[in-house]
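Undergrad: Sharing a structure below in C-alpha cells format, with a few things to ask.
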Amino acid sequence: DTGVSQDPRHKITKRGQNVTFRCDPISEHNRLYWYRQTLGQGPEFLTYFQNEAQLEKSRLLSDRFSAERPKGSFSTLEIQRTEQGDSAMYLCASSLLGQGLNEQFFGPGTRLTVL
Amino acid sequence: QKEVEQDPGPLSVPEGAIVSLNCTYSNSAFQYFMWYRQYSRKGPELLMYTYSSGNKEDGRFTAQVDKSSKYISLFIRDSQPSDSATYLCAMSAGRSAGNNRKLIWGLGTSLAVNP
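These protein sequence lines are chains E and R, in that order. Going by the numbering used here, the first sequence opens with residue 2, and the numbers climb by one from there. Going by the numbering used here, the second sequence opens with residue 7, and the numbers climb by one from there.
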C-alpha cells in the first residue's frame, strides 16, 4: 500500500496520560498536515510541515501538543496530559506542493478516546 | 464569519434523485475548489476539483464554481446508496498567494441515499 498510513488506528487512554501518533506520508510528498476532526465537523487544521520544517501551527494547538517531522519523512504528534476534550479523530494528510493543485491525500486517521 | 460556509444537513434523498451540495466563501483569493468525500470512520478522499470558475463533469458528478457569487456546487445525478457519505468542500488560494496554499474546509454535508 503506497498511501498515507497512520498508527495506531485506535487509542484509548486515561485522562492525564501522554499519547503519540505516527503518520507515514506518501514517499515523495513534501508537505505533511495534521488535522483533528470531531463528529459532524470538517477537519480542523492543527499544523503542517514542508519537508522537516514546521511552517504553521494553529491556535488550536495548545502547549500540550507537539509535532515533529525529523527527517522530512514520517511525522509524530504527541499530546501530553490528555484531557477528555482531546477525544477526536486525528487525521494526517500529505501533498506534493508543485505548480498546480495542492491535493491532499489522507490517511485513515487515529481515533483517540480519553476516559 | 467563517471563510467557508457549508450546510451540514443531514440530507436524505431517494435513490435516483439529483443531489445538490453547496458552499459559499468569503476570500476572493481562492482559486482551487475541491470536493472531498468521507465515508464513516475513514479519511476524506478527493472527489473532484476545479481551478477558477466554470464547470467540470466526471461521470455522475458535476462541480460548478461561480466566483462572482463566491458559490460552489456539487451535483450528483442518479444518486446511489453507495453515495451515502459526508461531502466536504475545501478551497485554497492560487500560486500568487505564495507557498502557503493551505486548504480551508467546510463543515461537510451528511448525505443519505435511501434505496
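By construction, the Cβ of each residue, glycine as well, lies at the ideal position given by its N, Cα and C atoms. Small disclaimer: the values here were computed from a predicted structure and weren't measured.
If you run the structure through DSSP and keep just helix, strand and coil, what is Q38 of chain E?
TA: Locating residue 38 of chain E in the first sequence gives position 37, where the first residue counts as 1. In the structure shown, Q38 of chain E sits in a strand (DSSP, three-state: E or B).
Undergrad: Which chain E residues are close to W111 of chain R, counting only those with a beta carbon under 7 Å from its beta carbon?
TA: For the purposes of this step, residue 111 of chain R is identified with residue 105 of the second sequence, where counting begins at 1. Under the 7 Å cutoff, chain E gives G43 and P44.
Undergrad: If you compare alpha carbons, which of R:W111, R:K48, R:A35 and R:L27 is closest to L92 of chain E?
TA: Position 91 of the first sequence, counted from the start, is the residue given in the question as residue 92 of chain E. It is R:K48 whose Cα lies nearest to the Cα of L92 of chain E.
Undergrad: If you measure beta-carbon to beta-carbon, which residues of the region 33-49 of chain R are closer than 7 Å to chain E?
TA: From the region 33-49 of chain R, only Y38, K48 and G49 have a Cβ closer than 7 Å to chain E.
Undergrad: Contact between the region 101-113 of chain E and the region 19-33 of chain E is defined here as three or more beta-carbon pairs at a separation below 8 Å; is this criterion met?
TA: Counting Cβ pairs under 8 Å, three or more are found: they touch.
Undergrad: Output yes if chain E places a C-beta closer than 8 Å to the C-beta of S74 of chain R; else output no.
TA: For the purposes of this step, residue 74 of chain R is identified with residue 68 of the second sequence, where counting begins at 1. For S74 of chain R, the answer is no, since every Cβ of chain E falls outside 8 Å of its Cβ.
Undergrad: What are the residues of the region 101-115 of chain E that lie near chain R, defined by any Cβ-Cβ distance shorter than 9 Å?
TA: The region 101-115 of chain E vs chain R, Cβ under 9 Å: G101, L102, N103, E104, Q105, F106, F107, G108, P109, G110 and R112.
Undergrad: Identify the residues that DSSP records as bridge partners of E63 of chain R: which are they?
TA: Residue mapping note: residue 63 of chain R aligns to position 57 of the second sequence, counting from 1. Bridge partners of E63 of chain R: R:T68.
Undergrad: For chain B, check one thing: does any of its Cβ atoms lie closer than 8 Å to the Cβ of G114 of chain R?
TA: Of the protein chains in the structure, E and R, none is chain B.
Undergrad: Return yes when the Cβ of N33 of chain R is within less than 8 Å of the Cβ of E9 of chain R, no when it is not.
TA: Sequence index remark: in the second sequence, residue 9 of chain R carries index 3 (1-based). Sequence index remark: in the second sequence, residue 33 of chain R carries index 27 (1-based). The answer is yes: Cβ separation under 8 Å.
Undergrad: Which residues in chain R sit within 7 Å of L92 of chain E, going by Cβ to Cβ distance?
TA: Here residue 92 of chain E corresponds to residue number 91 of the first sequence, with the count starting at 1. Within 7 Å Cβ-Cβ: G49.
Undergrad: Comparing alpha-carbon positions, which option in R:S26, R:S18 and R:T30 lies nearest Q7 of chain R?
TA: Walking along the second sequence from the start, residue 7 of chain R turns up at place 1. Per the Cα distances, R:T30.
Undergrad: For S74 of chain E, tell me which candidate among E:H11, E:H30 and E:T39 has the shortest Cα-Cα distance.
TA: On the first sequence, position 73 is the one that residue 74 of chain E refers to. Answer by Cα proximity: E:H30.
Undergrad: Going by the CB atoms, is the gap between L116 of chain E and K15 of chain E shorter than 8 Å?
TA: For this step, residue 15 of chain E is matched to residue 14 along the first sequence. For this step, residue 116 of chain E is matched to residue 115 along the first sequence. Yes, these two residues count as a Cβ contact at 8 Å.
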